[in-house]
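Here the structure comes first, spelled out in structure tokens, and everything after it is commentary.
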Amino acid sequence: MLSRVADTLYWLSRYIERAENNARMLDVNLQLTLDATILNHRYTQQHWESIIYSLEDTKLFQELHPDITGETVVEFVCFERKNPNSIYSCLCAARENARSVRELISAEMFEQLNRMYLDFRSGEAQRLFRSSSYQFFQWALQGCHLFQGIADATMAHDEGWDFLQLGKFLERADRTSRILDIKYHILLPKEEQVGGTIDSVQWFAVLNSCSGAEAYRRQFQGQIAPWTVAEFLIKDASFPRSIRFCVGSLDHSLHQITGMDRGDFLYKVEAERLSGRLLADLSYVTMDDVFGIGLHEYLDRIQLRLGEISKAIYKEFCEWLDS
Amino acid sequence: MGNLFTGYDPNRFFDEMFASPTEVRPHYERLFERYNDLTLGEFDRKRLVADNSFLTQGITFTVYNDTEGTERIFPFDLVPRIIPLNEWLHIESGLTQRISALNLFLRDIYHEQKILKDGVIPAEIIHSAIHFRPEFMGFNVPKDIYIHVCGTDLIRDEDGNYLVLEDNGRCPSGVSYLLENRQTMKRVFPNLFSRYSVQPVDRYCEELLNLLRFIAPGGNPEPTVVLLTPGIYNSAYFEHSFLARSMGIEIVVGADLVVQGGYLMMKTTKGLKRVDVVYRRIDDDFLDPQVFRKDSLLGVPGLVEVYRRGNVSLANSIGTGVADDKVTYHFVPKMIRYYLDQDPILPNVPTYLSMFDDDRKYMLEHLPELVVKSANESGGYGMLIGPHATREEIEKFRDAITKNPRNYIGQPVVQLSRSPSYISGRFEGRHIDLRPYILFGEKTTIIPGGLTRVALRKDSLVVNSSQGGGSKDTWVLSE
Numbered sequence: 058m059l060s061r062v063a064d065t066l067y068w069l070s071r072y073i074e075r076a077e078n079n080a081r082m083l084d085v086n087l088q089l090t091l092d093a094t095i096l097n098h099r100y101t102q103q104h105w106e107s108i109i110y111s112l113e114d115t116k117l118f119q120e121l122h123p124d125i126t127g128e129t130v131v132e133f134v135c136f137e138r139k140n141p142n143s144i145y146s147c148l149c150a151a152r153e154n155a156r157s158v159r160e161l162i163s164a165e166m167f168e169q170l171n172r173m174y175l176d177f178r179s180g181e182a183q184r185l186f187r188s189s190s191y192q193f194f195q196w197a198l199q200g201c202h203l204f205q206g207i208a209d210a211t212m213a214h215d216e217g218w219d220f221l222q223l224g225k226f227l228e229r230a231d232r233t234s235r236i237l238d239i240k241y242h243i244l245l246p247k248e249e250q251v252g253g254t255i256d257s258v259q260w261f262a263v264l265n266s267c268s269g270a271e272a273y274r275r276q277f278q279g280q281i282a283p284w285t286v287a288e289f290l291i292k293d294a295s296f297p298r299s300i301r302f303c304v305g306s307l308d309h310s311l312h313q314i315t316g317m318d319r320g321d322f323l324y325k326v327e328a329e330r331l332s333g334r335l336l337a338d339l340s341y342v343t344m345d346d347v348f349g350i351g352l353h354e355y356l357d358r359i360q361l362r363l364g365e366i367s368k369a370i371y372k373e374f375c376e377w378l379d380s
Numbered sequence: 020m021g022n023l024f025t026g027y028d029p030n031r032f033f034d035e036m037f038a039s040p041t042e043v044r045p046h047y048e049r050l051f052e053r054y055n056d057l058t059l060g061e062f063d064r065k066r067l068v069a070d071n072s073f074l075t076q077g078i079t080f081t082v083y084n085d086t087e088g089t090e091r092i093f094p095f096d097l098v099p100r101i102i103p104l105n106e107w108l109h110i111e112s113g114l115t116q117r118i119s120a121l122n123l124f125l126r127d128i129y130h131e132q133k134i135l136k137d138g139v140i141p142a143e144i145i146h147s148a149i150h151f152r153p154e155f156m157g158f159n160v161p162k163d164i165y166i167h168v169c170g171t172d173l174i175r176d177e178d179g180n181y182l183v184l185e186d187n188g189r190c191p192s193g194v195s196y197l198l199e200n201r202q203t204m205k206r207v208f209p210n211l212f213s214r215y216s217v218q219p220v221d222r223y224c225e226e227l228l229n230l231l232r233f234i235a236p237g238g239n240p241e242p243t244v245v246l247l248t249p250g251i252y253n254s255a256y257f258e259h260s261f262l263a264r265s266m267g268i269e270i271v272v273g274a275d276l277v278v279q280g281g282y283l284m285m286k287t288t289k290g291l292k293r294v295d296v297v298y299r300r301i302d303d304d305f306l307d308p309q310v311f312r313k314d315s316l317l318g319v320p321g322l323v324e325v326y327r328r329g330n331v332s333l334a335n336s337i338g339t340g341v342a343d344d345k346v347t348y349h350f351v352p353k354m355i356r357y358y359l360d361q362d363p364i365l366p367n368v369p370t371y372l373s374m375f376d377d378d379r380k381y382m383l384e385h386l387p388e389l390v391v392k393s394a395n396e397s398g399g400y401g402m403l404i405g406p407h408a409t410r411e412e413i414e415k416f417r418d419a420i421t422k423n424p425r426n427y428i429g430q431p432v433v434q435l436s437r438s439p440s441y442i443s444g445r446f447e448g449r450h451i452d453l454r455p456y457i458l459f460g461e462k463t464t465i466i467p468g469g470l471t472r473v474a475l476r477k478d479s480l481v482v483n484s485s486q487g488g489g490s491k492d493t494w495v496l497s498e
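Chains as they are written, first to last, in the working numbering: chain S, 58 to 380; chain F, 20 to 498.
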């Protein structure tokens, strides 16, 4: 497979996943602000700030908007074309990538992506948002899911597919860590207890934004506790949005591409070594370790290591594109 | 109760569908019955389905009028153009004759130049042609094929005779629209096809791939074939991607390729892989910055050397532009007589060459009646349509012709045939042309019909998409 094409598929997939997770992040905040009866304005405000912080887009945001408000954050994360990570920008980039690899993806995959793009382009998506933000997020989530489903059902599961999986799971691992990190940026009101009502509401919202409520409950029988939610989203072996699951899938796809056996911790290329090492860490780390390091710091390190894996993937398969 | 054909008037033109305001030509009768039943509302719904189908499939070209670039669909007219079998057989034999002569001509021009020595074509025309590549004199192209893919534009005059307007022997585009038009038409008017026996067009990509494999170096039976595109911002990118997809080959940009050890290689995730045949959709000028334009970022440094060594084949070959120069065009009927010893089956439009004193004198005296074209421009640019031109435009061309007589030709205005086309609420006659696509390989294959382009602006004779043109599905009947 052409190196440029592999890179294009990898990023196509990352953009879709990023768009989806943006919708998830905003949706969680929407849910939280609906509970604003128990939160005062200052804390609502903090929720929106936490999104901008966790996305690490603070500088660009401040250039465009003097104030962090629900409206400006949503505009920035959903529709702002100057923000390369907004849902609209991600879809434009994904579609542009898809256009250049149409010979590898199925016609249906392109058409699904194109329909979403055209809905933004025509203002249809913006109209939907104005009439119901909830429906807009659902629409965006479903559109991305539909793309993934169509891909799974119509595209050959060959090398190109493996690069799509790499992009998807790497991005998803990163985004799950950021969603989890939102909770770090939201301070509990002074009078509230850790593990109290508001704390639980917040953790539950985090869980929900990863579509993890049902899977979590089956594991932990209803009790929403900070440690167990964090444990679930970091370490669960079977939930497809947990960081460990994503890194495991990433590691699997890498081995598929190199043709290397995965047993006995074997690896052939640097990217595999890095992903295997991260996977081992996620598998064997204890939550005491995580909270000992500090949740935010731990997640930060994971994001850095994911970035290293991404660089190693490019170096291994695509480096000569720069020559 | 009127319908979409109410008030339709073929006027003084040759109309494809109507012999007179009340008389439908026999091969259009069944279509007329079907379309005559449609209400405006029904027809509009069908138009919407067709337009949406083009839009969601991304069959668009980009118009750069803002920073983002707006993608537009190429207007598609739902009244198909129908060609009876006997007319098609005539066209097909004429085009086969023509492409054979053009390839013999190019072989000759890049070798002995007998046709020049025998005085059939003035040598100065060839030596001054901007697309002539003297660097390739004496070079043997694989299988002696120069133009593998040709798009020859045909028009019909006031009497319905088919005439050749020009040959496109470099990178003719538009075939994807032809193929997609048929798909769309089948979706929108499925029942109409059961009333007719329409020759299928879908073997084009298979035949193109056969042709590309046929020219592989060393007769390699399993060659790696790629399509080289300038990239996704090129206006024909959809077509490049469409063709690569349909043939199941890689679509590459210059940066994907590199020359190593005398071979052309592509950069893959598993290392470098040899490429045998390149269907290139970029012009000669941009192919190789070491040989042609030094500022080209689209091509591959060293590609031409690999080509010269016979380690990679190109379609079309380098230097075919000398054959579709509009001055050379004038001599194609003479080529046919010279190389094939046959009378041309499809005539040219009568053409004056301003490089000849008598012709120039005539042209300068009759500019308001003539179409004047510059020898190497396309897309409807560099053209004067005398009867529609302002005095200033005419004077500009008079000046240009006088200064550079080699570069212009003049032709009488041919009133192209018209076909009913949908224009705001009803059918009106609009001028059309026809671009059949010819594949010249082990055998000559011409996909039945071609791309019918229609000048949607009232009274316009320019069918190019950049000048308000659209297209129609083109049916060749099999009985």
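Positions of the beta carbon are idealized from the N, C-alpha and C atoms, including for glycine.
Residue i in three-state terms, based on DSSP
i: residue 292(F); result: strand
i: residue 20(F); result: Residue placement at residue 20(F) cannot be trusted, given a pLDDT of 41 that sits under 50; what the coordinates show is reported in the next sentence. Residue state, collapsed to three classes: coil.
i: residue 224(F); result: helix
i: residue 339(F); result: helix
i: residue 271(F); result: strand
i: residue 40(F); result: coil
i: residue 430(F); result: strand
i: residue 498(F); result: coil
i: residue 182(S); result: helix
i: residue 376(S); result: helix
i: residue 174(F); result: strand
i: residue 493(F); result: strand
Any chain F beta carbon closer than 8 angstroms to residue i
i: residue 187(S); result: no
i: residue 284(S); result: no
Through-space distance from residue j to residue i, alpha-carbon basis
i: residue 204(S); j: residue 274(F); result: 29 angstroms
i: residue 74(S); j: residue 175(S); result: 19 angstroms
i: residue 310(F); j: residue 323(F); result: 7 angstroms
i: residue 117(S); j: residue 305(S); result: 33 angstroms
i: residue 270(F); j: residue 184(S); result: 38 angstroms
i: residue 268(S); j: residue 210(S); result: 22 angstroms
i: residue 134(F); j: residue 358(F); result: 9 angstroms
i: residue 72(F); j: residue 167(S); result: 13 angstroms
i: residue 335(S); j: residue 366(S); result: 9 angstroms
i: residue 395(F); j: residue 63(S); result: 39 angstroms
i: residue 127(S); j: residue 105(S); result: 6 angstroms
i: residue 366(F); j: residue 117(F); result: 10 angstroms
i: residue 235(F); j: residue 307(F); result: 20 angstroms
i: residue 363(F); j: residue 59(S); result: 47 angstroms
i: residue 148(S); j: residue 200(S); result: 11 angstroms
Residue-level contact to chain S via CB, residue i, 8 angstroms cutoff
i: residue 284(F); result: no
i: residue 271(F); result: yes
i: residue 77(F); result: yes
Where the alpha helix (DSSP H) through residue i begins and ends
i: residue 303(S); result: 300-315
i: residue 162(F); result: Run containing residue 162(F): none; DSSP gives neither H nor E here.
i: residue 573(F); result: Residue 573(F) is absent from the model: chain F starts at 20 and stops at 498.
i: residue 457(F); result: Premise fails: residue 457(F) lies in the beta strand (DSSP E), 456-459, not in any alpha helix (DSSP H).
i: residue 52(F); result: 48-55
Element boundaries [beta strand (DSSP E), containing residue i]
i: residue 376(F); result: Premise fails: residue 376(F) lies in the alpha helix (DSSP H), 376-384, not in any beta strand (DSSP E).
i: residue 187(F); result: 181-187
i: residue 279(F); result: 276-279
Quiz item: Are the segment 65-82 of chain S and the segment 216-234 of chain S touching by the rule of at least three beta carbon pairs closer than 8 angstroms?
Solution: In short, these stretches touch, since the Cβ pair count reaches three.
Exercise. Tell me, please, whether the segment 300-317 of chain F touches the segment 188-197 of chain F by the rule of three or more beta-carbon pairs shorter than 8 angstroms.
Key: Contact holds: three or more Cβ-Cβ distances are below 8 angstroms.
Quiz item: Does the segment 326-339 of chain F touch the segment 161-178 of chain F, meaning 3 or more C-beta pairs lie closer than 8 angstroms?
Solution: Short answer: they touch.
Quiz item: Would you call the segment 346-357 of chain F and the segment 143-150 of chain F touching, i.e. three or more CB-CB distances under 8 angstroms?
Solution: By the Cβ test, the segment 346-357 of chain F is in contact with the segment 143-150 of chain F, since at least three Cβ pairs between them sit closer than 8 angstroms.
Exercise. Give a yes or no on contact between the segment 427-442 of chain F and the segment 369-382 of chain F, applying the rule of three or more CB pairs nearer than 8 angstroms.
Key: Touching, per the Cβ criterion.
Quiz item: Is there contact between the segment 331-345 of chain S and the segment 285-301 of chain S, where contact requires at least three CB pairs shorter than 8 angstroms?
Solution: A contact exists between the segment 331-345 of chain S and the segment 285-301 of chain S.
Quiz item: Can at least three beta-carbon pairs, one atom from the segment 58-78 of chain F and one from the segment 468-477 of chain F, be found at a separation below 8 angstroms?
Solution: Result no; under three Cβ-Cβ pairs closer than 8 angstroms.
Quiz item: Would you say the segment 349-357 of chain S touches the segment 304-319 of chain S, given that touching needs at least three Cβ pairs under 8 angstroms?
Solution: Counting C-beta pairs with one atom in each stretch, the segment 349-357 of chain S and the segment 304-319 of chain S have fewer than three that are closer than 8 angstroms, which means they do not touch.
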